[in-house]
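Q: Once you've had a glance at the structure underneath, I'll fire off some questions.
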Amino acid sequence: MDREARRVKDAIAAEFGPELQRDAMAHLWKPYEEAAKATRDFDPAQRRKAYGHLRLALTEQSFKLFCRKHPTLTGEDYRHDDGTYDYFTMASASLLISIKAVTAPDRLPPPSLFRNTMAAGTNFHLFEDVAAVDGRKFFHVLLLHNCERRLELDEETGEYRKLRVLSRPGFMMLKVPEREGKECIYRTSLFLDHPDMLAKLRGVVVEDVPDSKKNKPRARPKKDEGLDTGSE
């Protein structure tokens, strides 16, 4: 691991460590449930339109509450001088954290005015007093996510269909892009890092068993709230 990657890892551990990561998982999980429930009775075309926008708004509102719970973080809506879109970001002493939906865990968000300018390691109003690190005032951390995807066998045709579970995410990744934004100098899966929190959010209950059987716990998953093949 090179020097910059170590600095990123240390900064995340200090300023967005396990406790905050676990709470962030809960704050990202809830908007999925609420958006899916609110649009459940929509026709497919309208659900595709409404679900993504509602989930985004709920996510940003949820993380504003998250920042109020954790005083080391601030959450703001920022609009570039030449832009027409408000970008929500969280900030710590040396981290700028953006929450973005991507199509798969190995993907990065497409280029945007925000990431090409204010999140590219140049000037950002929250970080004027932060000491530069190799010419950068902060590290831009991406919290990436999207719906759970499944394959389901169609018994009539014998073919598998791709389905999305709109009521819960299928992954949550932390990634720090390099300066050009095409590769990552740091990445980790919150699902793999915090399996107990994932089980709690999924509603998996580990039943009490006699001591002699505790090495073989049984899990009872919560019933899915529904599948949907629509896209955002």
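Numbering (this note's numbering), first residue to last: 3 to 234.
Where is the CB? At the ideal position from N, CA and C, for every residue including glycine.
Based on the DSSP secondary-structure assignment, which residues constitute the bridge partners of V143?
A: On the sequence shown, position 141 is the one that residue 143 refers to. Looking at the DSSP assignment, V143 forms a beta bridge with I99.
Q: Roughly how many angstroms separate the alpha carbons of R151 and R24, rounded to a whole number?
A: Your numbering for residue 151 matches position 149 in the sequence shown. Your numbering for residue 24 matches position 22 in the sequence shown. Distance between the alpha carbons of R151 and R24 is about 22 Å.
Q: Kindly identify the DSSP beta-bridge partner or partners of G77.
A: As a first step, residue 77 must be located in the sequence shown, where it is residue number 75. DSSP, once it has assigned bridges, lists M92 as partnering G77.
Q: Please list the terminal residues of the continuous alpha helix (DSSP H) segment that includes T61.
A: Mapped onto the sequence shown, residue 61 falls at position 59. Start and end: P46 to K71.
Q: Pull the bridge partners of R151 from the DSSP assignment, please.
A: Taking the sequence shown and counting its residues from 1, the one referred to as residue 151 is at position 149. DSSP, once it has assigned bridges, lists R166 as partnering R151.
Q: Our contact map puts L168 next to A38 with C-beta atoms below 8 Å; I'd like the distance itself, whole angstroms only.
A: For this step, residue 168 is matched to residue 166 along the sequence shown. For this step, residue 38 is matched to residue 36 along the sequence shown. The Cβ separation is near 4 Å, so the contact holds.
Q: If you run the structure through DSSP and keep just helix, strand and coil, what is L110?
A: Working through the sequence shown from its first residue, we reach residue 110 at position 108. L110 falls in the coil class under three-state DSSP.
Q: In terms of alpha-carbon separation, which member of P171, G172 and L153 lies closest to R163?
A: For the purposes of this step, residue 163 is identified with residue 161 of the sequence shown, where counting begins at 1. Measuring from the Cα of R163, the nearest candidate turns out to be L153.
Q: Give the single residue among Y87, T91 and R81 whose Cα lies nearest to the Cα of K236.
A: Summary: the structure shown does not reach residue 236, with the chain confined to residues 3 through 234, and so no result is reported for it.
Q: Assuming contact is defined by CB atoms lying nearer than 9 Å, are L176 and L144 in contact in what I supplied?
A: Here residue 176 is taken as the residue at index 174 of the sequence shown, counted from 1. Here residue 144 is taken as the residue at index 142 of the sequence shown, counted from 1. Contact check for L176 against L144 passes: the beta carbons are separated by less than 9 Å.
Q: Once the 5 residues before and after L56 are set aside, which same chain residues still bring their CB inside 7 Å of it?
A: Numbered from 1 along the sequence shown, position 54 holds the residue referred to as residue 56. Once the five neighbours on either side are set aside, the close Cβ partners of L56 are A37, A40 and T41.
Q: So what's Y188 in DSSP terms, helix, strand or just coil?
A: As a first step, residue 188 is located in the sequence shown; it is residue number 186 there, counting from the start. The answer is strand: DSSP assigns Y188 an E or B state.
Q: Quick one: using the 10 Å Cβ neighbour count with 16 as the cut-off for buried, is L155 buried or exposed?
A: Residue 155 sits at position 153 when you count from the first residue of the sequence shown. With fewer than 16 other Cβ atoms within 10 Å, it is exposed.
Q: From L1 to P171, what does the alpha carbon distance come to, in whole angstroms?
A: Absent from the structure is residue 1, since the part of the chain shown begins at 3 and ends at 234.
Q: Could you check how far apart the C-beta atoms of A93 and T105 are, in whole angstroms? I think they sit under 8 Å.
A: As a working note, residue 93 is residue 91 in the sequence shown. As a working note, residue 105 is residue 103 in the sequence shown. Contact flag wrong, Cβ pair sits at about 27 Å.
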